[in-house]
Amino acid sequence: MGIERNLADRKGKDFCELPKETITNSRSRRNRRRSSKKMPPVQKLFETCKEVFASSGTGIVPPTQDIDKLRSVLDGIKPEDVDLRPDMPYFMANASHRRPKITYLHIYECEKFSMGIFCLPPSGVIPLHNHPGMTVFSKLLFGTMHIKSYDWVVDLPPESPTTVKPSECPELRLAKVKVDADFTAPCNPSILYPEDGGNLHCFTAVTACAVLDVLGPPYSDFDGRHCTYYTNYPFPDFSGNPGPTCHMSIFVYAPDPHKH
646 MGIERNLADR
656 KGKDFCELPK
666 ETITNSRSRR
676 NRRRSSKKMP
686 PVQKLFETCK
696 EVFASSGTGI
706 VPPTQDIDKL
716 RSVLDGIKPE
726 DVDLRPDMPY
736 FMANASHRRP
746 KITYLHIYEC
756 EKFSMGIFCL
766 PPSGVIPLHN
776 HPGMTVFSKL
786 LFGTMHIKSY
796 DWVVDLPPES
806 PTTVKPSECP
816 ELRLAKVKVD
826 ADFTAPCNPS
836 ILYPEDGGNL
846 HCFTAVTACA
856 VLDVLGPPYS
866 DFDGRHCTYY
876 TNYPFPDFSG
886 NPGPTCHMSI
896 FVYAPDPHKH
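When the letters of the sequence shown are read in order and numbered with the numbering used here, they come out as residues 646 to 905.
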């Protein structure tokens, strides 16, 4: 699978700080209030991310009120706000490609957070990968996508089989399914956390779709936040009663040349 990284084909491309004005009288204050109401949705997203992730770092989760604020802003983002339509070339299947090519439209990245959009043609797949020490917000802009996500099993039950003990096979880890379902836009943004909420996930496009991702902090090899890809092997839960909340899978590390 190829993931192509391009700048978004739109005015402004990277979003930066809005110019700061010196407020000297009540008229300028009123003008500023009117201006803020007209702020473009993605610029508002940028400004909100700056506030929410101001103290971000590996493993640091923003306060609940900040998460709710960012979720609310993301919920208001529409495809037209980022100049995307399902009939654009990004979302067309190409018979010459054995696997549908996925395009990443970069919006902004700094040491605190990153914003970008993944464009998936039908049957496009972003393989199972992790987000170490990161809080991730994903907003499906249009289309239908299947999301399967997992959390690591931290404490293995005493009756766990010896075949999955880390001491005997350190490259294998046990994880439990958090989400395994189709989502169709418009739907609520999804949030995953450093230790729960489905920190490992895989996206599969049922139809052409676009997903806006906000990561805080972003991937950084220098800071130890590597993107690791995995291959999963189904494994029945220990009680013998498989289901979406108790199903287990064994994972083995699978190197991949592409970065999320």
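For each residue, glycine too, the CB sits at the ideal point set by N, CA and C.
C-beta atoms of residue i and residue j nearer than 9 angstroms
{"i": "threonine 849", "j": "methionine 779", "result": "no"}
{"i": "leucine 857", "j": "glycine 761", "result": "yes"}
{"i": "lysine 723", "j": "glutamate 696", "result": "no"}
{"i": "alanine 717", "j": "alanine 738", "result": "Checking the sequence, you will find serine at residue 717 rather than alanine. No. Outside cutoff."}
{"i": "proline 839", "j": "glycine 704", "result": "yes"}
Contacts around residue i, its chain only, beta-carbon distance under 8 angstroms, and the 5 residues preceding and following it disregarded
{"i": "cysteine 847", "result": "Val770, Ile771, Pro772, Leu773, His774, Ile792, Lys793 and Ser794"}
{"i": "leucine 719", "result": "Leu690, Phe782, Lys784, Pro834, Leu857 and Val859"}
{"i": "leucine 786", "result": "Ile722, Lys723, Pro724, Val727, Leu729, Ile762, Ala830, Cys854, Ala855, Val856 and Leu857"}
Nearest-angstrom Cα separation, counted from residue j out to residue i
{"i": "glutamate 754", "j": "serine 701", "result": "13 angstroms"}
{"i": "tyrosine 864", "j": "alanine 699", "result": "16 angstroms"}
{"i": "proline 731", "j": "cysteine 854", "result": "7 angstroms"}
{"i": "aspartate 800", "j": "leucine 817", "result": "14 angstroms"}
{"i": "proline 777", "j": "threonine 709", "result": "20 angstroms"}
{"i": "arginine 725", "j": "lysine 757", "result": "Going by the sequence as given, residue 725 is glutamate instead of arginine. Their Cα atoms are separated by approximately 26 angstroms."}
{"i": "phenylalanine 867", "j": "histidine 751", "result": "20 angstroms"}
Among the options, nearest to residue i - alpha-carbon criterion
{"i": "alanine 826", "options": "Lys784, Tyr838, Val851 and Pro839", "result": "Val851"}
{"i": "asparagine 598", "options": "Phe867, Asp866, Phe828 and Lys821", "result": "Nothing about residue 598 can be read from this structure; the chain reaches only from 646 to 905."}
{"i": "valine 687", "options": "Ile705, Pro707 and Asp728", "result": "Asp728"}
{"i": "arginine 744", "options": "Pro734, Leu765, Met733 and Leu819", "result": "Leu765"}
{"i": "cysteine 832", "options": "Gly788, Cys872 and Glu692", "result": "Gly788"}
Exposed unless 16 or more other CB atoms sit within 10 angstroms - verdict on residue i
{"i": "aspartate 841", "result": "exposed"}
{"i": "cysteine 694", "result": "buried"}
{"i": "proline 685", "result": "exposed"}
{"i": "proline 707", "result": "buried"}
Close-in-space but distant-in-sequence residues of the same chain around residue i (CB under 7 angstroms, 5 per side omitted)
{"i": "glycine 843", "result": "Ser794, Tyr795, Asp796, Lys823, Val824 and Leu837"}
{"i": "threonine 669", "result": "The predicted position of threonine 669 is uncertain, since its pLDDT is 36 and thus under 50; no value can be drawn from it."}
Close beta carbons around residue i, own chain, < 6 angstroms, minus the five adjacent residues each side
{"i": "serine 783", "result": "Ser835, Val856 and Asp858"}
{"i": "serine 759", "result": "Leu860 and Pro863"}
CB contact below 9 angstroms: residue i versus chain C
{"i": "proline 724", "result": "Absence of chain C from the displayed structure is noted, only one protein chain being present."}
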